[in-house]
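For the record, the sequence lines run as chains A and B.
Each residue of the first sequence is one higher than the last, beginning at 41 in this note's numbering.
Each residue of the second sequence is one higher than the last, beginning at 3 in this note's numbering.
We treat Cβ as the ideally placed atom computed from N, Cα and C, and that holds for glycine.
Computed from a predicted structure; not experimentally measured.
Working notes, beginning with the structure itself.
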Amino acid sequence: MEKFEDKVRITGIGISEVGRRLMRDPVELAIDACMSAMADAGLERGDIDGLSAHPGPQTADGYSGAGVSAVEEILRVQPKWFNSSHETPGHTGAFVAAALAVAAGLCRHALVFRCTWETTAPALARDPRYNVGQSAPGRAVSGEIQSWRIPFGAYSAGNWIGMAATRHFHLYGTKREHLGAIALNARRNAALNPNAIYRDPLTMDDYLNARMISTPFGLYDCDTPCDGAVAVIVSHRDAAKDTRRPDPLRLEAAGTQVTERWSWDQGVLDHEVMLAGPAKSLWERTDLKPKDVDVAELYDGFTFNCLSWIEALGFCKRGEGGPFVEGGTRIARDGELPLNTHGGQLSGGRLQGFSFLHEACIQLWGEGGARQVPNRPQVACVSSGGGTPGGALLLARP
Amino acid sequence: MTDTALRPFPAITPQNEFFWTAGAEGKLRFKRCRACCTYLHPPPPVCPECLSKDISVEDVSGAATVAAFTINHHQWRPAFPPPYVIAIVEIAEAPYVRLTTQIVGCAPEAVSIGMTVQVRFEQVGPAWLPLFAPRED
C-alpha cells in the first residue's frame, strides 16, 4: 500500500540570518527564510498554497517569532490549507502536517517554517524604552508542566532532563565524557558552518571544567538560544516537477506516536521523555533499518537528549549510548554515523528543532561545502523535541 | 529552601487544592480510584485505568524513594540560591506515582538514587510544598 510519505517531496529549503540579539523584527526573519526557500525551489508566491508553522503565533518570551497569521499578512499566498500549533509530534510536526495535507490533496506546495527570537525578545523586555515583553511574573504558577515543578526551583528543562541523565549514569555507567563527546562533535562541525553561533575550538578540558548548571549538565551540555528562522517547502510529487530542484527529496517515513505518559516525571525516568513513540512508529513505516542511515541530525537541546535519541532510534541498545559516542570517532563527519553536521543546537543555535531538518536536506543534496559528509549520503534521520513531545523523520534521495 | 516570602507557589485550583493544602495537617495525600484502587497523579477527573469517576482522596505515609535527581548549580531566580537538589521521588505505597520535589536535610552530595526519604512540608503562600528529607531508619 502506498504511504502518504510517498506522495510528497521536499523541493526547497531556506534559512535566515542566525545570531544572538540580532534586534531584528522576527517576522522579517521568518519572511527571509520563506523567501529563501521559495527561491531555492524556484517557486513564486502564487505557487504556494499551504502554510504550516510551529508553535503558533508570536510570543513575548521569544519562543515563537512568527506564526502563520503574521507570515500570511505579508506573503498573501491565500493558503488553501494552513496549520500552526504546539501540541505536535516534535517541532517538525508542522512538517508532517504539511506532508499529510499535500498528500491528501488539500494543497500542492506547502511552506513550512519555524522562527525564534529568544535572544532579542528578552533584550527588548529589559529595555525601558519599550512596553513589550515579559511583565513582572506573579508568584502563582499555573500550567500542567510548570505548576508541579517551578515551586521546587525546577525552572529549566535542564533540571528535568538532568534528573534523567543522572539516572542513566546510575543504571548504565554513562560518564560526563560521553556527553562531552557529543558537545565536542557539535563544535567541530559548527566550526565549518558559517551560520553557527559558536565556532571556536572546544576541548574536553574546556567541557569538563565549565561551570555546572544542573548535574550532570555543565554549560556546554546546554544549547544556546538565538534568533533565526528556517523554512522548508513540501510539494506533491506531481508538482515537484514545477520546481527548480531536479532531485527533490523523498520523505521515507514520519514517526509521530506517543507511547509514554505525557509527563516529565510519571513515565520514563532514564531517557528524555516521549521520544520512544516517534522512534517506534518511524521504523514501522519503512523497510529501512538504523544501519541504512548515512547521516543523523538528532535534537540536542541538551547533550543527553541526543544520546537518548541515539538509543531510542536503535542506533545502539538502550544504555549503550555512552560507549557508542565515546571518543567521538563514530559520530564524526567521516565516521559510521555522522551526527549533527551543522553543529546542532549546542553550537549552531537553538532554531527549535528545524535546523536538523534543514541540515539533513543540505547533506542529502550534497551542498554542505566544508562540512559535507563524504560518500554522498542517501538516507538521513532527523529528530526534534522530546518532552513536548518528540518527532522523527527519515529523508532519502530519490 | 529559604526566602519563602519570594518564592513562587502553585496556583491553587478546585482540582489540586486537596494536594497543596494537605501539608497543613502534615499529610501527603493523593487521589485514588475507588473502582480499581489505582493512585492517580497529577489529579485527573476520570481514572485513566478504568475510566471510573468514583475517585477518593487518601493519605499515604509520606515515605518515598529517590528515583532520579540533579544538583542544581545555576541561580534561575533570587529566591532559589544554589546549590539545591531537585529530585523525582517514588511514593512508597505506589512507586508509579512520582513527585518532582527537593531533597532537604542533608548535603547535596549525600543524595543518591535509591535513598529512602520522608516528606516534610514547607508553606509558601497558600501551598504546603511536600519536600523530602533522608529517613532516620
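Non-local C-beta neighbours of V298 (chain A) in its own chain, meaning closer than 7 Å and more than five positions away in sequence, comprise M314, G317 and P429, ordered along the chain.
Look at N123 (chain A) here: in three-state DSSP terms it is strand. In this chain, the beta strand (DSSP E) harbouring Q125 (chain B) covers T118 to V126. At the C-beta level, F344 (chain A) and A205 (chain A) come within 8 Å of one another. For I93 (chain B), the pairing in a beta bridge is given by DSSP as B:A66 and B:A96.
For F396 (chain A), the enclosing alpha helix (DSSP H) stretches over residues F394 to L404. The Cβ of L131 (chain B) sits closer than 8 Å to at least one Cβ of chain A. Inter-segment contact for the stretch 215 to 222 of chain A and the stretch 161 to 169 of chain A is absent: fewer than three beta-carbon pairs are separated by less than 8 Å. Note on G427 (chain A): 16 or more other CB atoms within 10 angstroms of its CB, so buried under the neighbour-count rule. Counting along the chain, no beta strand (DSSP E) covers C74 (chain A); the unbroken alpha helix (DSSP H) around it starts and ends at P66 to A81. Interface with chain A (8 Å Cβ-Cβ cutoff): V59 (chain B) is excluded. Listed along chain B is no residue with a C-beta nearer than 7 Å to that of D246 (chain A); the closest approach is about 17 Å. Contact note: N199 (chain A) reaches chain B through T72, N74 and I88, using a C-beta cutoff of 8 Å and chain order. Bridge partners of F32 (chain B) according to DSSP: B:E60. The Cβ neighbour count for E84 (chain A), taken over all protein chains shown within 10 Å, is under 16; the residue is labelled exposed. Counting other Cβ atoms within 10 Å of its Cβ, T6 (chain B) stays below 16 and is therefore classed as exposed. Close to chain B, meaning a Cβ-Cβ distance shorter than 7 Å, are the following residues of the stretch 203 to 234 of chain A: M203, A204, T206, R207 and H210. Across the set A:S395, A:A352, A:Y339 and A:V272, the C-alpha of A:S395 shows the shortest separation from the C-alpha of N235 (chain A). Residues of the same chain with a CB within less than 6 Å of the CB of I402 (chain A), apart from the 5 flanking positions on each side, are G408 in chain order. Assignment of beta-bridge partners to D167 (chain A) by DSSP yields no partner. In this structure, T132 (chain A) keeps its C-beta atom at 8 Å or more from the C-beta atom of S348 (chain A). Chain order gives the chain A residues near Q104 (chain B) as F192, G193 and A194, where near means a beta carbon separation below 9 Å. By the 16-neighbour rule on beta-carbons within 10 angstroms, T369 (chain A) is exposed. If you look at E217 (chain A), you'll find it isn't in any beta strand (DSSP E); it sits in the alpha helix (DSSP H) that goes R216 to A230. As DSSP reads the structure, V419 (chain A) sits in a beta bridge with A:A436. Under DSSP, C155 (chain A) shares a beta bridge with A:A269. Contact check between the stretch 256 to 274 of chain A and the stretch 381 to 401 of chain A: three or more CB pairs, one atom from each, fall below 8 Å, which counts as touching. Residue range V48 to I55 is occupied by the beta strand (DSSP E) that includes T51 (chain A). The continuous stretches of alpha helix (DSSP H) do not include R290 (chain A), which lies in the beta strand (DSSP E) extending over residues L289 to G295. Taking a cut-off of 8 Å for Cβ pairs, the stretch 90 to 109 of chain B and the stretch 119 to 136 of chain B touch, as three or more such pairs fall below it. With respect to the 8 Å criterion, R325 (chain A) and A352 (chain A) are not classified as neighbours on the basis of their beta carbons. The closest CA to that of A230 (chain A), considering only A:V58, A:E45, A:A138 and A:P288, is found on A:V58.
Between W157 (chain A) and G102 (chain A), the beta carbon gap of about 5 Å places them in contact (Cβ cut-off 8 Å). Bounds of any beta strand (DSSP E) do not take in W200 (chain A); it lies within the alpha helix (DSSP H) bounded by A197 to Y212. If you ignore the 5 residues before and after V113 (chain B), its C-beta comes within less than 6 Å of the C-beta of F71, V87 and I105, all in its own chain and listed in chain order.
The shortest C-alpha to C-alpha distance from Q306 (chain A) to any of B:A96, B:K29, B:R36 and B:A37 is the one to B:A96.
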